[in-house]
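Heads up: the protein sequence lines correspond to chains B, W, L and Z, in order.
Every letter in the first sequence is one number past the one before it in full-length UniProt numbering, and letter 140, counting from 1, is 140.
Every letter in the second sequence is one number past the one before it in full-length UniProt numbering, and letter 271, counting from 1, is 271.
Every letter in the third sequence is one number past the one before it in full-length UniProt numbering, and letter 164, counting from 1, is 164.
Every letter in the fourth sequence is one number past the one before it in full-length UniProt numbering, and letter 109, counting from 1, is 109.
Read the structure below first, then the notes.
Number of protein chains: 4
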Amino acid sequence: MSIVLGPNQYGKAETRVVRVVRDGARHELRDLNVSVALAGDLAGTHLTGDNTAVLPTDTQKNTVYAFAKRYGIGEPEEFGLRLARHFVASQPSIGRARVSIEQYAWRRLGPHSFQRDGGETRTCAVTVDSDGEWVVSGLTDLVLLNSTDSEFWGYAKDEYTTLPETKDRVLATAVSARWLHASSTMDWAASYDGVRAALVAAFVETYSLSLQQTLYAMGRRVLEERPEIAEVRLALPNKHHLLVDLSPFGLDNPNEVFVAADRPYGLIEGSVLRAGASPVDGAF
Amino acid sequence: MSIVLGPNQYGKAETRVVRVVRDGARHELRDLNVSVALAGDLAGTHLTGDNTAVLPTDTQKNTVYAFAKRYGIGEPEEFGLRLARHFVASQPSIGRARVSIEQYAWRRLGPHSFQRDGGETRTCAVTVDSDGEWVVSGLTDLVLLNSTDSEFWGYAKDEYTTLPETKDRVLATAVSARWLHASSTMDWAASYDGVRAALVAAFVETYSLSLQQTLYAMGRRVLEERPEIAEVRLALPNKHHLLVDLSPFGLDNPNEVFVAADRPYGLIEGSVLRAGASPVDGAF
Amino acid sequence: MSIVLGPNQYGKAETRVVRVVRDGARHELRDLNVSVALAGDLAGTHLTGDNTAVLPTDTQKNTVYAFAKRYGIGEPEEFGLRLARHFVASQPSIGRARVSIEQYAWRRLGPHSFQRDGGETRTCAVTVDSDGEWVVSGLTDLVLLNSTDSEFWGYAKDEYTTLPETKDRVLATAVSARWLHASSTMDWAASYDGVRAALVAAFVETYSLSLQQTLYAMGRRVLEERPEIAEVRLALPNKHHLLVDLSPFGLDNPNEVFVAADRPYGLIEGSVLRAGASPVDGAF
Amino acid sequence: MSIVLGPNQYGKAETRVVRVVRDGARHELRDLNVSVALAGDLAGTHLTGDNTAVLPTDTQKNTVYAFAKRYGIGEPEEFGLRLARHFVASQPSIGRARVSIEQYAWRRLGPHSFQRDGGETRTCAVTVDSDGEWVVSGLTDLVLLNSTDSEFWGYAKDEYTTLPETKDRVLATAVSARWLHASSTMDWAASYDGVRAALVAAFVETYSLSLQQTLYAMGRRVLEERPEIAEVRLALPNKHHLLVDLSPFGLDNPNEVFVAADRPYGLIEGSVLRAGASPVDGAF
Chain B
1 MSIVLGPNQY GKAETRVVRV VRDGARHELR DLNVSVALAG DLAGTHLTGD NTAVLPTDTQ
61 KNTVYAFAKR YGIGEPEEFG LRLARHFVAS QPSIGRARVS IEQYAWRRLG PHSFQRDGGE
121 TRTCAVTVDS DGEWVVSGLT DLVLLNSTDS EFWGYAKDEY TTLPETKDRV LATAVSARWL
181 HASSTMDWAA SYDGVRAALV AAFVETYSLS LQQTLYAMGR RVLEERPEIA EVRLALPNKH
241 HLLVDLSPFG LDNPNEVFVA ADRPYGLIEG SVLRAGASPV DGAF
Chain W
1 MSIVLGPNQY GKAETRVVRV VRDGARHELR DLNVSVALAG DLAGTHLTGD NTAVLPTDTQ
61 KNTVYAFAKR YGIGEPEEFG LRLARHFVAS QPSIGRARVS IEQYAWRRLG PHSFQRDGGE
121 TRTCAVTVDS DGEWVVSGLT DLVLLNSTDS EFWGYAKDEY TTLPETKDRV LATAVSARWL
181 HASSTMDWAA SYDGVRAALV AAFVETYSLS LQQTLYAMGR RVLEERPEIA EVRLALPNKH
241 HLLVDLSPFG LDNPNEVFVA ADRPYGLIEG SVLRAGASPV DGAF
Chain L
1 MSIVLGPNQY GKAETRVVRV VRDGARHELR DLNVSVALAG DLAGTHLTGD NTAVLPTDTQ
61 KNTVYAFAKR YGIGEPEEFG LRLARHFVAS QPSIGRARVS IEQYAWRRLG PHSFQRDGGE
121 TRTCAVTVDS DGEWVVSGLT DLVLLNSTDS EFWGYAKDEY TTLPETKDRV LATAVSARWL
181 HASSTMDWAA SYDGVRAALV AAFVETYSLS LQQTLYAMGR RVLEERPEIA EVRLALPNKH
241 HLLVDLSPFG LDNPNEVFVA ADRPYGLIEG SVLRAGASPV DGAF
Chain Z
1 MSIVLGPNQY GKAETRVVRV VRDGARHELR DLNVSVALAG DLAGTHLTGD NTAVLPTDTQ
61 KNTVYAFAKR YGIGEPEEFG LRLARHFVAS QPSIGRARVS IEQYAWRRLG PHSFQRDGGE
121 TRTCAVTVDS DGEWVVSGLT DLVLLNSTDS EFWGYAKDEY TTLPETKDRV LATAVSARWL
181 HASSTMDWAA SYDGVRAALV AAFVETYSLS LQQTLYAMGR RVLEERPEIA EVRLALPNKH
241 HLLVDLSPFG LDNPNEVFVA ADRPYGLIEG SVLRAGASPV DGAF
């Protein structure tokens, strides 16, 4: 039985670019981590080491820096689209380009002074091929906690179940969310702000019987409020806050003192989408 | 347009279990990090918070520990299969179970003394559903370096290309490899050792014109030597070793002094499989 | 020549405690990582394994949780003092206790909802022994950047110097600062806010000829504004933002596009103190 | 009360240098992470931004690379001494240089092929000033485990003590060790191998009543076997392996199934030195 090359891609990962816009005394700052992955007719380099079709990953890095100067960065989705279109359009052997971006936020302290905002990271993944363009925006490491209004009971039990049911627990998670846009023309900044606000509002306002219920509420809220979004995918680690047993010390503990546990953790993953739409895995 | 729940799963991630086998004075040690993900008829918990179908992730954790005692661990693939089959068989609402395991190696120092071997981590991902069973074994963080016998030239050039061609460079990577077994009955330990040896041998023995060529040679070697393997997927970061320009100091640098760079890095990803087989994405 | 035991200490590191204060619907949250280190007459356990003098680290952990319930946490310095005094007072063999705390900030989203604030971590190190009490407060990972008003020139040059002088560069750092209080009775929250504000203001307002100059300005500003502080120690990594050479692409780059480099980095460390005071190394 | 500059230093941290020695077909590899810190008459740059005395950290980095070519690296202690002496000798304003090095190990796979050995990292810290030279060698992340021959009982108990005494437990730690050489002329490689072997042997062979006892045995063994060593400092985290309670599942657990816990952890720190010697804190 013979052996063949399957799906493959290559590119430059984690090019760190900071772009300062210096129009007068008041500077603006964009801080990105850009990863490029290209696919196409790349059998030659794999089978014989013929690199004719291979645009070096070093060139991809240079392109990121040159485009940051030539066109500016703007919103990460715009920058990703510009880069992805460029690689597909300019390289005959490249049929698909995927640009993944992390954007780090900075808070203004002065006309040219900034503090890194250590909260969530904004992300996007842009895919361009001959069939079309897909833009998935997202965020990671948005850590949220409700100190009450969360229950967990009525679950399946088997011989290995020891967890007590509870009508009041801490619910905490580090949100990783990605959402597919219905189009690649968009007010990206407004859309991001709107989706983020919907996610947070749903987490805060949902009286939760399970983290799955909260996940669905978050995805649903985004789709209800943001018509430009086709699908939301969420991964929510259950950052367990374990109630400490203080009874050996003659103390009760009515949901006041917790261990913030590292591992293990529950992990709840799910997608919420508009009825009739089929999941577009390649875009995510 | 109405809104619906899409694909979803949940489980306990990163349960750390160490199992000591104490048959007499000479102990054996297994050290695992186990993650479980279950899917099935879970609409209730998402839509209304009805947890009837939800086996708590805490129970999944308990099951890992109880099975480690009751059945021992053995090879990680065996342990993963036993756990995955258990969840699917015992929970009416669960149609698919996926168990992902990292195994950390320890080197023997004495009858009951061990040193953690900090090299690669052995991995596996076992998937069980009503259609069958899939076992993917793998490894991560196997860092390999050839200090010569690597070239890179003849590549595509555009206006952003500045990389000089080279007939001699350092080639280094941190291998992440996963391979699909043709069956779920196997001598897992022997297979792992054989695949690992094939990957290393191909890296060492390939005179490389591109990291893609090395990737393909590694996957091909596995399939040639190991009939039990159906497909190999590799992700190879190009851990760039940049030649330092010492000419300002009146020194030449004939491939002797390098910067080991962190970011950015090239990332080469690809699969190698037997002709006629179709990639089985769900197993990976 | 005989062999003896030198200085030693032991304790429980990184006890993670979250304390919810539930006075009515509006909850408050404290989130700490507490490390205890005890020293004293501990020769027995080292030389013969006689543990009579050893209060288990597990007990230290329990004490953290019990004190969080019994007394509340309040400011981290208060909590650290209470714990350190307890160990010295209650254990005859313990002559010195040191409690180091990291406090993670949360931003309020609702009466019982919070978002983890990913910026700097507030720290303190409290030392109590028979000679007295020392409280060092601090912060880490406060990342600041000035996109102009920084020069670097006029430095020493030798045969290995290639760095071009500059009259305009990006200056960025991740501030690690620790400051010694003149007393262990203090309005800790007000003091922290004041010191933090002074550090930031000095970074923002200093036209910098070297990162050392900025460091000294930051320390000096704290001592000028905060009479309760005796000494400030700063460690400032120079998070290099390297100007990209875009000339191969026909583009100039007037301080607009930068590589945010990971390694190597400059590291500037120094202390600023009141004249006549001697550095109190044991407190830091 | 006036404000003054206290102790300070500056330098380039984490310069990553890989040196290939290519004498014929069989290559040799050294892989280091080098950090330099210089101190001296540096008031000018702090107080006024006068950089006359400041050799740029960029120059320090260049020196690392140039020296790697010009002199080779050899053992890390040699390389550190050469660098530290150079800075003190060549820069009038620099009175003290400290070079800290991490060396990453590689295992040979072929004449020019290597695998990164992921075990412990070898370290050294070299300090040179007008009073002399101090060399501290060390290692970090050597993870050791005894699955029996460890007890812990007879300890102090107070109202917060709940830990049960045990006559049989797992003892595991990640060794961080540093040892001061009596001289700066040494067969560094042989000394390293000897010290490392002594540390491991003592861990393996000590029937342990406390981790402190094991710590002291490790330090003592080094001093007994290696006359060239003046003092050993050890930091041993107690990597707790917690026995899982399997009784709810009708299973006993005679020291067979453990949770490998992340946090919190005990931390045991101590030094062992020759009688009459005083600890030389500045060297460590």
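We treat Cβ as the ideally placed atom computed from N, Cα and C, and that holds for glycine.
From the DSSP output, in three-state form, read off residue i for me.
| i | result |
| --- | --- |
| glutamine 60/W | helix |
| threonine 45/Z | helix |
| phenylalanine 67/L | helix |
| arginine 82/L | helix |
| alanine 261/W | coil |
| alanine 283/L | helix |
| alanine 89/Z | helix |
| serine 278/W | coil |
| proline 7/W | strand |
| aspartate 77/B | Looking at the sequence shown, residue 77/B is not aspartate but glutamate. It is helical. |
| serine 147/L | coil |
| leucine 111/Z | Contrary to the premise, residue 111/Z reads as proline rather than leucine in this sequence. Three-state DSSP puts proline 111/Z in coil, outside helix and strand. |
| serine 247/Z | helix |
| asparagine 51/Z | coil |
| arginine 22/Z | coil |
| residue 285/L | The first residue shown for chain L is 1 and the last is 284, placing residue 285/L beyond what the model contains. |
| valine 36/W | strand |
On the CB-based measure, 16 or more other CB atoms within 10 Å of its CB, does residue i come out buried or exposed?
| i | result |
| --- | --- |
| threonine 242/B | Strictly speaking, residue 242/B in this sequence is leucine, with threonine absent from that position. Looking at its Cβ environment, which holds fewer than 16 other Cβ atoms inside 10 Å, leucine 242/B is exposed. |
| aspartate 31/W | buried |
| alanine 283/Z | buried |
| tryptophan 153/L | exposed |
| glutamate 165/Z | exposed |
| threonine 48/L | exposed |
| lysine 239/W | buried |
| proline 56/L | buried |
| lysine 157/Z | exposed |
| serine 24/W | In the sequence as presented, serine is not what sits at residue 24/W; that position holds glycine. By the 10 Å Cβ count, glycine 24/W comes out exposed. |
Apart from the five residues just before and just after residue i, which ones in its own chain have a Cβ nearer than 8 Å to its Cβ?
| i | result |
| --- | --- |
| glutamate 228/Z | His181, Ala182, Ser183, Met186 and Ser191 |
| aspartate 193/B | none |
Excluding the 5 residues flanking residue i on each side, which residues of the same chain have their C-beta closer than 6 Å to its C-beta?
| i | result |
| --- | --- |
| arginine 122/L | Gln103 and Leu139 |
| valine 135/B | Glu77, Val126, His181 and Ser184 |
| threonine 161/B | none |
| alanine 105/W | Asp117 |
Could you name the residues of chain C that residue i contacts, counting a contact when the two beta carbons are closer than 7 Å?
| i | result |
| --- | --- |
| phenylalanine 79/L | Among the chains of the structure shown, chain C does not appear; the protein chains present are B, W, L and Z. |
For residue i, which residues in the same chain have their Cβ closer than 7 Å to its Cβ, ignoring the five residues on either side in sequence?
| i | result |
| --- | --- |
| glutamate 120/L | Leu139, Thr140, Asp141 and Leu142 |
| arginine 26/L | Pro111 |
| glycine 44/L | Asp50, Thr52 and Ala53 |
Minimum length 4: unbroken alpha helix (DSSP H) runs contained in the region 173-232 of chain B: 188-205 and 211-225
Would you call the region 141-148 of chain B in contact with the region 27-39 of chain W, where contact means no fewer than 3 C-beta pairs closer than 8 Å? no
Say whether the region 246-257 of chain Z touches the region 205-225 of chain Z, bearing in mind that this needs 3 or more beta-carbon pairs closer than 8 Å, one atom from each stretch. no
Taking contact to mean 3 or more Cβ pairs, one atom from each stretch, closer than 8 Å, check whether the region 10-26 of chain L and the region 59-72 of chain Z are in contact. no
Segment contact, 8 Å Cβ cut-off, at least three pairs: the region 82-99 of chain L with the region 48-58 of chain L: yes
Using 8 Å as the cut-off, can you tell me whether the region 269-283 of chain L makes contact with the region 231-240 of chain L, which would need three or more C-beta pairs spanning the two stretches below that distance? yes
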